[in-house]
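So for the sequence shown, the numbering used here puts the first residue at 352; every next one is plus one.
Note that CB positions come from ideal geometry on N, CA and C, so glycine has one too.
It should be emphasised that the depicted structure is a prediction, and the values quoted were computed from it without experimental measurement.
See structure below.
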Amino acid sequence: MAAVFHDDGCLRECRDPDQIVGLRRDFALRHHMALWDVIESCDIDGASDASIRNAVPNDLSPIIMRSKIAHVFTTGAKAAQLYRKLCVPLLRAHGLDGMPMTQLPSTSPANAKADLPGLVEAYGCVARSVSQAS
Numbered sequence: 352m353a354a355v356f357h358d359d360g361c362l363r364e365c366r367d368p369d370q371i372v373g374l375r376r377d378f379a380l381r382h383h384m385a386l387w388d389v390i391e392s393c394d395i396d397g398a399s400d401a402s403i404r405n406a407v408p409n410d411l412s413p414i415i416m417r418s419k420i421a422h423v424f425t426t427g428a429k430a431a432q433l434y435r436k437l438c439v440p441l442l443r444a445h446g447l448d449g450m451p452m453t454q455l456p457s458t459s460p461a462n463a464k465a466d467l468p469g470l471v472e473a474y475g476c477v478a479r480s481v482s483q484a485s
């Protein structure tokens, strides 16, 4: 995201795990972004998305109703699938059925198709969406 927004906010030089959390939070606030997982909990083998079972969704409706969130972006096919299957029904139940969602490529090292220039290009829609909403 730093490359997408042309703002590394000292993230590259930071090696202190406690400090990096604050830098990432500041980055998200500076660019009017909210980051949240689609699922609250699940059973999973290692980091394999294909093994996810018993997924419990995060109910995003309270956050969306109390904020100016205008677009949801998911990272990877599995996150998009789980968002449509688990989160959209919760949003609809709260009258939030018009929330647009865009599936972005996964940033996982397991995604062999992902290189930094390609990810920066694909994630450019996030920066454009945020700038339109601001």
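Expected contact under 8 Å - CB spacing of residue i and residue j to nearest Å
i      : j      : result
Val423 : Met452 : 4 Å
Ala385 : Ser412 : 13 Å between Cβ atoms; not a contact.
Closer than 7 Å: residue i CB and nearest the ligand PLP heavy atom
i      : result
Arg381 : Among the components of this structure there are no ligands whatsoever, and the ligand PLP is therefore not found.
Check whether residue i and residue j have beta carbons under 8 Å apart
i      : j      : result
Leu470 : Pro456 : yes
Pro408 : Leu447 : no
Val481 : Cys438 : no
Ala406 : Cys393 : yes
Buried versus exposed, by CB contacts within 10 Å (16 or more), residue i
i      : result
Lys429 : buried
Val372 : exposed
Met416 : exposed
Ala431 : buried
Gly475 : exposed
Leu380 : exposed
Gly427 : buried
Three-state class that DSSP yields for residue i in the structure shown
i      : result
Ala465 : coil
Ile371 : helix
Leu455 : strand
Ser392 : strand
Delimiting residues of the alpha helix (DSSP H) encompassing residue i
i      : result
Pro413 : Ser412 to Met416
Arg443 : Val439 to Ala444
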